[in-house]
Amino acid sequence: MGTITTKDSARIFYKDWGPRDAQPIVFHHGWPLSADDWDNQMMFFLAEGYRVIAHDRRGHGRSDQTDGGNEMDTYAADVTELVTTLDLKNAIHIGHSTGGGEVTRYVARAEPGRVAKAVLIDAVPPVMVKKDSNPGGTPLEVFDGYRAALAANRAQLYLDIPSGPFYGFNRPGAKISEGLIRNWWRQGMMGSVKAGYECIKAFSETDFTEDLKAIDVPVLVIHSEDDQIVPYADSAPLTVKLLKNGTLKTYKDLPHGLCQTHPEIVNPEILAFIRA
63 MGTITTKDSA
73 RIFYKDWGPR
83 DAQPIVFHHG
93 WPLSADDWDN
103 QMMFFLAEGY
113 RVIAHDRRGH
123 GRSDQTDGGN
133 EMDTYAADVT
143 ELVTTLDLKN
153 AIHIGHSTGG
163 GEVTRYVARA
173 EPGRVAKAVL
183 IDAVPPVMVK
193 KDSNPGGTPL
203 EVFDGYRAAL
213 AANRAQLYLD
223 IPSGPFYGFN
233 RPGAKISEGL
243 IRNWWRQGMM
253 GSVKAGYECI
263 KAFSETDFTE
273 DLKAIDVPVL
283 VIHSEDDQIV
293 PYADSAPLTV
303 KLLKNGTLKT
313 YKDLPHGLCQ
323 THPEIVNPEI
333 LAFIRA
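In my numbering, the protein residues as written are 63 to 338.
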């Protein structure tokens, strides 16, 4: 584990495990979590012989709680600095939810040779918020509600989200994991309330259309039709249409946090894509 210091003096925490000459896999977490959200995948792919890297986005986890830079351009620039410092080449970049947006912006701008493939899991691209150019999107009022709840009592919000829609624990017959709920809360509360507030705009209003069009490497898009956080119809199918080399893998009834609830399904799917 270590940190890098960005050009604007923000310290970004990261984990870097495995052989330095192995192909690197870089994991990008969702809002408002941390690199710890990838524990299962880090251990799985480490055991498969890969070098695994995950960072805490600025304002999240153990990275600095910066006043500014809580938007996608800076998130992607921070990834560029991390990749450059570690001199990662031919890497696989895997992003979940907000992290999928970060991957999309980074990969679209990455230096040749840095990226081999990418995986977007229940990710926010092309754009979440409803507007004239995105009539099927989520109304702005929904995100305003998140902001109001976060500013008023984020500790309660950070219990309500994983207890319900994030892991699908509000669905009939769901097998509820108290450990997942508490770990989600722990990660969220480690971060900055200001970064959490401002990141809502970053993940909901950033338009990744041109980024997706610019990506040349193969991209696997994984999404569940029962995602209650990032609605399926306005995300994955539209994303794949914009990519030059995209593959869509759909699940019918898995939750938004499917990497944590169903790693035995998701991990082999990603591994097969990487090795293909």
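No residue lacks a Cβ here, since even glycine has one placed at the ideal position from N, Cα and C.
None of these values were measured; they are calculated from a predicted model.
(1) Which ranges would you report for the alpha helix (DSSP H) in the stretch 238 to 278 if only whole runs of at least 4 residues count?
(2) When the Cα atoms are used, what is the spatial distance from Arg-171 to Thr-65?
(3) Look up Asn-196 in the DSSP assignment and say whether it is helix, strand or coil.
(4) I need the DSSP call for Phe-106, collapsed to helix, strand or coil.
(5) Kindly indicate which three-state DSSP category Ala-116 falls into: helix, strand or coil?
(6) Just curious, the alpha helix (DSSP H) that Thr-31 is in, first and last residue?
(7) What does a CB cutoff of less than 6 Å around Gly-8 pick up in its chain, not counting 5 residues either side in sequence?
(8) Do the CB positions of Asp-48 and Gly-131 come within less than 8 Å of each other?
(9) Can you tell me whether Arg-73 is helix, strand or coil according to DSSP?
(10) Please indicate yes or no: does the CB of Ser-195 lie closer than 7 Å to some heavy atom of the ligand FAD?
(11) Can you give the Cα-Cα distance for Asp-135 and Ser-225, rounded to whole angstroms?
(12) Please look up how many angstroms separate the CB atoms of Ala-180 and Val-281, rounded, as I've assumed it's under 8 Å.
(13) Excluding five sequence neighbours on each side, which residues of the same chain lie with their C-beta closer than 6 Å to the C-beta of His-90?
(14) For Leu-304 and Gln-127, I'd like the C-alpha separation in whole angstroms.
(15) Report the option in Leu-212, Ile-327, Leu-148 and Ser-297 whose CA atom is closest to the CA atom of Ala-257.
(16) Using DSSP bridges, identify the partner residues of Gly-157.
(17) On the premise that Arg-176 lies in contact with Ala-139, defined as a C-beta separation below 8 Å, what is that separation, rounded to the nearest angstrom?
This is what the structure gives:
(1) 240 to 252, 255 to 267 and 271 to 276
(2) 23 Å
(3) strand
(4) helix
(5) strand
(6) Only positions 63 to 338 of the chain appear in this structure, which leaves residue 31 out of reach.
(7) An answer regarding residue 8 cannot be provided, because it is not within the stretch 63 to 338 covered by the chain.
(8) Nothing about residue 48 can be reported from this structure: the residues present for the chain run from 63 to 338 only.
(9) strand
(10) Within the structure as shown, the ligand FAD is missing, as the structure has no ligands at all.
(11) 31 Å
(12) 5 Å
(13) Gly-157, Gly-161, Glu-164 and Val-165
(14) 34 Å
(15) Leu-212
(16) His-90 and Leu-182
(17) The Cβ separation is near 14 Å, so there is no contact.
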